[in-house]
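Residue numbers (my numbering): 23 to 127. I have placed the structure first, in the form of structure tokens, so that the comments after it can refer back to it.
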């Protein structure tokens, strides 16, 4: 395993930030979805507490699941980068002759 370039470290930082923000948003949405009935329906105090606890558990599970999903997929998505990024030969972006297709198309 070689040293990571600055570009790789920046991509990882952005991916971690995206994972945290999206996980927090989805966890908050899940919490609100579960506990919304406590606002709209007059429930006994015990039922409200139970729903809030269930909402908290669901929010934690959604947060962790989203975080793992995004970060687990990052190395696989990163491996599909063009060969030129990894130091290999760069494929031509245009055909060699105008009006013709490239041989590998």
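We put the beta carbon where it would ideally sit given N, CA and C, even for glycine.
- With respect to residue 52, residue 80 sits close: the two C-beta atoms are nearer than 8 Å.
- In its chain, beyond the 5 residues on either side, 37, 38, 41 have a beta carbon closer than 8 Å to the beta carbon of residue 93.
- Excluding its 5 nearest sequence neighbours in each direction, residue 59 has C-beta neighbours in its own chain below 8 Å: 65, 73, listed in chain order.
- Distance from the CA atom of residue 54 to the CA atom of residue 77, rounded to whole angstroms, is 7 Å.
- Shown here, residue 27 sits in coil according to DSSP, grouped into three states, outside any helix or strand.
- Using a Cβ distance threshold of 8 Å, residue 48 and residue 75 do not count as a contacting pair.
- A direct Cα-to-Cα measurement between residue 24 and residue 34 gives close to 16 Å.
- In the three-state scheme derived from DSSP, where H, G and I count as helix and E and B as strand, residue 93 is classed as helix.
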